[in-house]
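Each protein sequence line maps, in turn, to chains P and E.
Counting in our numbering, the first sequence runs without a single skipped number right up to 59 at its last residue.
Counting in our numbering, the second sequence runs without a single skipped number right up to 222 at its last residue.
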Amino acid sequence: SPEGSLHDEL
Amino acid sequence: MNIFRLAGDLTHLISILVLLLKIYATKSCSGISLKTQELYALVFLARYLDLFTDFVSVYNTVMKLVFIGSSLAIVWCMRMHRIVKRSYNRELDTFRHYFLVAGSFVLALVVHEKFTLQEIFWAFSIYLEAVAILPQLVLLQRSGNVDNLTGQYVFFLGAYRAFYILNWIYRYFTEQRFGRWISWISGLVQTALYADFFYYYFMSWKNNAKLQLPA
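1) Any idea what DSSP makes of E/Gln219, helix, strand or coil?
2) Can you list, in chain order, the residues of its chain with a C-beta nearer than 7 Å to that of E/Trp129? Leave out the 5 residues immediately preceding and following it.
3) Exposed or buried, what is P/Asp57 when buried is set at 16 or more other beta-carbons lying within 10 Å of its beta-carbon?
4) So is E/Leu28 buried or exposed if we call it buried at 16+ other beta carbons inside 10 Å?
5) Nearest to E/Leu114 by CA position, among E/Val65, E/Asn96, E/Ile133, E/Thr18, is which residue?
6) For E/Lys217, is the classification buried or exposed, using 16 other Cβ atoms within 10 angstroms of its Cβ as the cut-off for buried?
7) State the Cα-Cα distance for the pair E/Lys71 and E/Ser78, rounded to the nearest angstrom.
8) Pull the bridge partners of E/Asn152 from the DSSP assignment, please.
9) Select from E/Val153, E/Trp191, E/Gly165 the residue whose C-alpha is nearest the C-alpha of E/Ser211.
10) Go through its chain and collect everything with a Cβ distance to E/Asp16's Cβ below 8 Å, but skip five positions before and after it.
11) Run down chain P in chain order and give the residues with a C-beta less than 8 Å from the C-beta of E/Phe74.
12) Output yes or no for whether 7 Å exceeds the beta carbon distance between E/Leu147 and E/Leu99.
13) Relative to the alpha-carbon of E/Leu124, which residue among E/Leu56, E/Thr33, E/Gln143, E/Leu156 has its alpha-carbon at the smallest distance?
14) Take E/Leu156 as the anchor and find which of E/Phe11, E/Ser37, E/Ala14 has the nearest alpha-carbon.
15) Which residue from E/Lys92, E/Phe162, E/Arg93 puts its Cα closest to that of E/Ile23?
16) Could you name each continuous alpha helix (DSSP H) segment of 4 residues or more that falls completely within the segment 45-108 of chain E, going from the start of the chain to the end?
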């Protein structure tokens with residue numbers, strides 16, 4: 050999924 | 008990943024290890040708020056709904072499992088473990104944390120990035136984490152003396168989000184698109200709630216005295 054919607058932080 | 012976020016995650020992990028050490032080594036949970044632990048378990052369960060759908064990295068997945076597993080284990084220990092649960096300060100841990108859950112959820116329904124189940128639960132977890140420490144701070148003020156491990160637990164728990172604020176500043180200047188103001192504002196509120204604790208913690212460290220929070 051695009052970086053925008055993805056929460057890459059804990 | 009940047010050094011601030013890594014420092015934040017490791018500080019968060021240390022806070023959990025300190026809490027597990029306190030409970031395991033002393034077989035006691037006196038001074039620990041079960042309500043704060045329940046709120047944190049809810050924070051991780053609501054935030055990591057994407058655990059099996061969005062793969063970010065091995066590190067990300069492992070840490071999510073560690074945070075969910077440890078928070079549930081601590082809640083179980085404080086509720087069910089024959090010896091540990093006897094030392095729970097039930098009469099002091101009276102903060103009505105259901106209001107924090109309800110308030111955070113209502114706010115998430117109103118303020119979120121996208122109106123999807125995952126994003127609403129993500130925003131809910133961010134708002135709830137900002138206030139999750141309140142029952143613990145209230146319990147510390149009521150229980151007067153704070154044992155070292157409990158004090159260190161709260162200190163590291165507060166410090167981790169301060170590192171995250173540095174991470175957001177770093178990402179703001181290095182990644183054009185990075186504008187996560189929900190995290191920004193909640194993270195600032197969360198860290199601000201620790202301000203007086205940090206002050207008394209620092210003073211007790213400087214004067215080499217026991218940590219005493221004013222009632």
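Heads up, the beta-carbon is just placed ideally off N, CA and C, and yes, glycines get one too.
With the structure as the only source:
1) strand
2) Arg54
3) exposed
4) exposed
5) E/Ile133
6) exposed
7) 11 Å
8) E/Gln219
9) E/Val153
10) Met70, Tyr167
11) Leu59
12) no
13) E/Leu56
14) E/Ser37
15) E/Phe162
16) 65-87
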